[in-house]
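Working notes for the structure below.
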Amino acid sequence: MGKSLIVFSLLIFELFFNFYCGLKASAVRTEDGSEAWGYVEVRPKAHMFWWYYRSPYRTQDPAKPWPIILWLQGGPGASGVGIGNFEEIGPLDTYLKPRNSTWLRKADLLFVDNPVGTGYSFVEDTNLFVKTDYEAADDLTTLLIEVFNRNETLQKSPLYIVAESYGGKFAVTVGLSALKAIESGKLKLLLGGIALGDSWISPEDFVFSWGPLLKDVSRLDNNGLLKSNSLAEQIKQQIDAGKYAEATDSWLELEDVIRLSSNGVDFYNFLLDEGMDPVFLAANSELSVEKIGMRMYSKYLNSLRANAGGDGDLGSLMNGEIKKKLKIIPSNVQWINCLLKESM
């Protein structure tokens with residue numbers, strides 16, 4: 234045990250030495266190789282954080298290579314390392330208890346805090362924040378080059394880019410960017426495919442579809458439909474005028490109207506009430522239905538507004554126990570969720 238601790242300490246020292254001496258990438262892994270994490274300097278003074286999990290269920294079958302899933306969160310600016318990992322598909326939940334439904338049962342997992350400024354990713358100059366989805370794709374492609382080109386084992390597994398919400402835009406743009414890098418020989422990666430789930434890629438189409446759909450399945454009455462359509466038209470006008478922050482506020486107002494008018498429809502499955510998803514219920518059996526509904530709705534809004542410091546609070550977890558575990562997060566960097574306030 235003492236010998237392992239010394240080796241680990243030396244590894245951490247070497248990592249910090251490399252990181253602060255300006256090398257492009259730095260990484261550390263657990264002794265058993267089940268986890269690895271690190272930073273890639275995707276541009277000078279712009280540092281992107283990643284966290285890789287090797288599946289304990291991984292099989293060696295040349296005819297069916299074990300896949301890797303790159304999980305991209307929404308926002309824009311929501312943390313995949315935090316939300317996707319501990320709230321959705323990673324091996325542990327926010328109470329650090331094992332998750333029976335982890336996607337590690339089917340694939341290795343790679344979480345990234347994308348774009349820079351999200352989660353543990355940071356910039357040394359605020360002028361270095363990206364301004365377009367294409368700039369974010371360039372940064373993420375640079376990260377993939379640094380991570381995959383250094384590891385021949387990863388190169389043998391097909392990578393599937395999976396995204397939810399605004400991450401759908403990131404998945405498409407980074408998929409195209411990565412494909413170009415592969416074809417030019419810059420990136421050694423087997424791109425398996427792209428999967429988009431509840432992707433927020435066309436706000437106008439989505440907000441205009443909600444009211445009529447919910448009216449057709451009797452989740453909204455005529456009054457609810459009128460309110461929904463009116464707000465949808467308002468959102469369209471704000472988007473057309475380039476008032477994206479106002480459009481985002483109106484979108485949140487529309488969701489609140491739909492939630493109240495539909496008696497709490499589940500935004501992910503209109504056949505259910507919020508908090509009634511069987512998988513979520515099984516994982517939170519100790520909570521009341523009311524508390525489950527409140528947690529699901531706040532999660533949907535990408536805010537995760539649990540009481541600061543309370544049990545299961547993601548922000549406290551990421552800036553506390555997880556930050557201590559990782560050891561390489563600069564002391565002045567605080568984990569941030571949803572940096573940007575415009576989702577259009």
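Mind the numbering: the sequence shown is residues 234 to 577 in our numbering, read in order. Cβ coordinates follow ideal geometry from the N, Cα and C atoms, glycine included.
Under the three-state reduction of DSSP output, E379 falls in the helix class.
Per DSSP, E357 lies in no alpha helix (DSSP H) and is assigned neither H nor E.
Shortest Cα-Cα distance from L423 to any of S390, D449, S398, A404 involves S390. Residues E397, S398, Y501 of the same chain have their beta carbon placed closer than 7 Å to that of D431, with the five preceding and five following residues left out of the count. Shortest Cα-Cα distance from W336 to any of D366, L459, E437, I301 involves I301. Counting along the chain, S432 sits inside the beta strand (DSSP E) bounded by residues 423-432. Judged by DSSP secondary structure, E397 falls within the beta strand (DSSP E) whose first and last residues are 391-398.
For W433, the closest of L447, L305, P298 by C-alpha to C-alpha distance is L305.
With respect to V363, I561 sits apart: the two C-beta atoms are not nearer than 8 Å. Membership of D506 in the beta strand (DSSP E) is indicated by the continuous run 502-506. Taking 8 Å as the cut-off, the beta carbon of L487 is found closer than this to the beta carbon of S461. Remark: fewer than three beta-carbon pairs, one from each stretch, lie closer than 8 Å, so the region 458-478 and the region 412-423 are not flagged as touching.
Shown here, R276 sits in a strand according to DSSP, grouped into three states. For the set Y272, K419, R287, D326, the Cα lying nearest the Cα of T351 is the one of Y272. Collapsing the DSSP output to three states places Y290 in coil. Among the bridge pairs identified by DSSP, R262 is matched with A269.
Y286 is positioned such that its CB atom lies closer than 8 Å to that of P324. Inter-residue distance for W284 and L458 is about 43 Å (C-alpha atoms, whole angstroms). Judged by their CB atoms, F403 and A428 are not nearer to each other than the 8 Å cut-off. Using a C-beta cut-off of 8 Å, the region 346-361 makes contact with the region 552-569, since at least three inter-stretch Cβ pairs fall below that distance. The DSSP-derived three-state label of D482 is helix.
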